[in-house]
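Following: one structure in structure tokens, then a few remarks.
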Amino acid sequence: MRFSKLVLYFLILFNFFLSKLALSAGKAIEYPDKNWSFSSIFGTFDKASAQRGFQVYKEVCAGCHGMRLISYRNLAALGYNQDELKAIASQFEITDGPNDDGEFFTRPGRPSDKFASPYPNKKAAIAANGGAYPPDLSLIIKARPNGANYLHALLSGYVEPPKNMKVPEGMYYNKFYSGNLIAMPQPLYEDGIEYLDGTKASPDQMAIDVTTFLAWASEPELEERKQLGITVILFLIVFSILSYFSMRQIWAPIKNKN
Amino acid sequence: MSKPKFKNPVVNWIDYRLPIFTFMNHELNEYPTPKNLNYFWNFGSLAGITLVIMIVTGIVLSMNYTAHIDYAFDSVERIMRDVNHGWLLRYIHMNGASFFFIVVYIHIFRGLYYGSYKAPREILWILGVLILLLMMATAFMGYVLPWGQMSFWGATVITNLFSAIPLVGESIVTWLWGGFSVDNPTLNRFFSLHFVLPFVIVGVVILHLVALHRFGSNNPIGIDVKGKQDTIPFHPYYTIKDLFGLSVFATIFAAAVFFFPNFMGHPDNYIPANPMVTPAHIVPEWYFLPFYAILRAIPDKLGGVLFMFGAIMVLFVLPWLDKSSVRSSQFRPLYKLFFWFLVIDCIALGYLGAMPAEGIYVVLSRLATAYYFFHFLIILPLLPKIESTRPLPVSISTPIITTSSNASTVMAMREKK
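Taken in sequence, the protein lines are chains A and B.
Mapping of the first sequence onto the working numbering: position 9 corresponds to residue 9, and the numbering continues sequentially without gaps.
Mapping of the second sequence onto the working numbering: position 4 corresponds to residue 262, and the numbering continues sequentially without gaps.
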């Protein structure tokens, strides 16, 4: 049939561009593929894992990495209630001001505040980290090719360097980092933190949890998007079928004449 | 007032003074259209609808966007996170650009395959190429607005192309930037132009439609409409066919928006622009890759720029390069072959544009670039001299003739032309 041929052509063309993009993006290092709860088209975030991930971020990553696009109130999406959000926010000191005397002051955080930054500014962050800027993590999963697998691999990629390799002072060997030398020291150790829900804090568990948390931070709309998407696509498929048969009916006299 | 045309007296009253309803009835309802159009003729209306989608989503996005280097990136993220369904608007707009080019490229290759650019539709074709140029400028400037790494470095690379112009190149680049580097004035003017150019496109699209309706659509067998028996009214036959095409297109579009919204984008554009850090590979959006490959294939900067623009310019003069009087590839066996070579060549150029400019890729880019121009400048003008075309049918309504006596009459008719 003519039409199926057209769809086929279209798909071939489309597929070509997609595969080409994938090629240009993924030719570097292969990361182990984790089956993320959020990666399928019906995917949702594993909220317990994301809450643990927030704990990993708060107790490990937040020492150097900010998340300037996220507010404490956004954590409601991970299942915290209002009282818990207020309690979480109030753990942080926020610089506010100027007040009526023209002074800047610190106060406990409120749910409407953005996440407190570990450094007053970018220069301070660079100076405190030997010249390397610890990137903001708000969008990190979207800002790296194959982001979730990449981050999980990176956090698990600290191994002994090859014998003939010299690792300079202030640098660390990571088998998944491009160039293998990274300025970030290994962040996750066995029982490095104590999970509130009693889960065993193995490095792999922590890497999975913090990746889930950061994936949510990058795409907080993901669940709503996929759910709406399924509705929209089902509607459009039904609509396509109806319009196809309407077309057949309207065209019938023309087709029969030929 | 003579015999009233419309049932509704108000409509008649208005139409007598402002014949807008007569116009719409003539151009959208009874407009005679060849009855043998295939699904490739859906892409014109799809392109028009995509343009409307882009303008509507774009206007709403602009209400929430801040064109300043310190706020642009965060204002886009605010749209994604805090504006009600802002993520949907932005993902439709972002993917809409890619789908606009997919649709328009298919539309263009449809025109190439069926000879839609030939007399008397030369101006229709030229207006189409003009729309493509305007789309490219608009898409390029739109990509700069989120002010991510690829936005900034893409803008830097592309605007720097103008420095290749002898003597005044550097001054032109400074003038384009509004300063000595891509900076806030650049972002401001790009936003302004990105907002206004789509309305210029609408204007050219209207001219494109006026030119189209002068002689009507070409058709798969590429011969002129001989009379009423060859056409059917646009409504309901092509309105329903376009609606069906639109619903299939919308399904594929929605799949991208809802499930793979960042597949055609580049991860680096989620890193805020940083003039001090250059990305490892600066690649343009996929729809520019064939042109990017041509640009890099030429070892000389000015030469590269000239060839890149030449790749579009050659399309403007295409109606005069292809001298064959037969339009459709169905009756031009050699042209059909070379058409598919051109398609493969363009896809190859797109692939090469995404690859690093080193080693075998450079050689292949040069060959593919050479072939692109060879197709238009050498093959097309020479082809009618060596090609024996198949006999044309008498009319759209008459089945393709096979008997030799009929064929000879057609040949005679063609001689007369």
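Where a beta carbon is used, it is the ideal one built from N, C-alpha and C, also for glycine.
Contact with chain A by residue i, beta-carbon distance below 8 Å
i	result
B:Phe492	no
B:Phe502	yes
B:Tyr289	no
B:Met338	yes
B:Ala512	yes
B:Leu595	no
B:Thr509	yes
B:Val506	yes
Residue burial classification, residue i (beta-carbon count within 10 angstroms, cutoff 16)
i	result
A:Gly170	exposed
B:Phe492	buried
B:Val584	buried
B:Asn300	buried
A:His65	buried
B:Arg379	buried
A:Gln55	buried
B:Ile337	buried
B:Phe565	buried
B:Ala531	buried
B:Val426	exposed
B:Pro548	buried
B:Ala628	exposed
B:Arg727	Absent from the model: residue 727 of chain B. The displayed extent of chain B is 259 to 675, so no value can be given.
B:Phe359	buried
B:Asn266	exposed
B:Ala514	buried
B:Pro557	exposed
B:Trp383	buried
B:Ala330	buried
Residue i versus the options, residue with shortest Cα-Cα distance
i	options	result
A:Pro161	A:Tyr177, A:His152 and A:Asn149	A:Tyr177
B:Leu595	B:Thr324, B:Leu564 and B:His633	B:His633
B:Asp580	B:Met534, B:Ile307, B:Lys376 and B:Trp383	B:Lys376
B:Phe521	B:His343, B:Arg275, B:Val310 and B:Phe357	B:Phe357
A:Ile29	A:Ala252, A:Ile233 and A:Asn146	A:Asn146
A:Ser37	A:Asp136, A:Val159 and A:Glu223	A:Glu223
B:Val506	A:Lys166, A:Phe239 and A:Pro185	A:Phe239
B:Tyr545	B:Tyr297, B:Thr396 and B:Asn287	B:Thr396
B:Thr324	B:Ile636, B:Ile644, B:Arg447 and B:Phe567	B:Arg447
B:Gly369	B:Ala355, B:Met352 and B:Val387	B:Val387
B:Phe516	B:Gly354, B:Gly302, B:Val334 and B:Thr280	B:Gly354
A:Lys122	A:Asp83, A:Tyr133, A:Ser112 and A:Phe115	A:Tyr133
A:Gly198	A:Asn35, A:Arg52 and A:Asn149	A:Arg52
A:Val167	A:Gly157, A:Leu181 and A:Ser156	A:Leu181
B:Ile644	B:Pro292, B:Ser582 and B:Arg554	B:Ser582
B:Lys559	B:Asn294, B:Asn418 and B:Ala305	B:Asn418
A:Gln186	A:Ala153, A:Asp101 and A:Trp216	A:Ala153
B:Val460	B:Thr280, B:Leu622, B:Ile272 and B:Val314	B:Val314
A:Arg225	A:Ala87, A:Leu85, A:Arg107 and A:Ile41	A:Ile41
B:Phe438	B:Val361, B:Pro533 and B:Ser646	B:Pro533
Cβ-Cβ separation, residue j to residue i (assumed contact under 8 Å), whole Å
i	j	result
B:Ala626	B:Asp603	5 Å
B:Ser653	B:Lys484	4 Å
A:Ala50	A:Phe213	5 Å
A:Lys142	B:Tyr528	4 Å
B:Phe289	B:Ser587	Going by the sequence as given, residue 289 of chain B is Tyr instead of Phe. Not quite, the Cβ-Cβ distance comes to about 26 Å (not below 8 Å), so this is no contact.
B:Leu445	B:Trp405	7 Å
B:Met408	B:Asp526	5 Å
A:Arg68	A:Asp113	Not quite, the Cβ-Cβ distance comes to about 11 Å (not below 8 Å), so this is no contact.
B:Trp411	B:Thr536	6 Å
A:Pro220	B:Arg339	6 Å
B:His343	B:Met399	Their Cβ separation, rounded to whole angstroms, is 25 Å, which puts B:His343 and B:Met399 out of contact at 8 Å.
C-beta neighbour in chain B for residue i, strict 8 Å
i	result
A:Trp251	yes
A:Leu75	no
A:Gly229	yes
A:Phe104	no
A:Ala201	no
A:Ile233	yes
A:Leu236	yes
A:Lys226	yes
A:Lys142	yes
A:Glu223	no
A:Leu151	no
Original post:
In chain order, which alpha helix (DSSP H) runs of at least 4 residues are fully inside the region 517-558 of chain B?
Top reply: 547-555
**OP:** Would you list, in chain order, the members of the region 394-422 of chain B that have their beta-carbon closer than 7 Å to a beta-carbon of chain E?
**Re:** Going by chain labels, chain E is absent from the structure shown, which instead holds the protein chains A and B.
Original post:
Which ranges does the alpha helix (DSSP H) cover as unbroken runs of at least 4 residues, wholly within the region 127-192 of chain A, from first to last along the chain?
Top reply: 147-155
Original post:
Enumerated in chain order, which unbroken segments of the alpha helix (DSSP H) with a length of 4 residues or greater are wholly contained in the region 200-254 of chain A?
Top reply: 203-218
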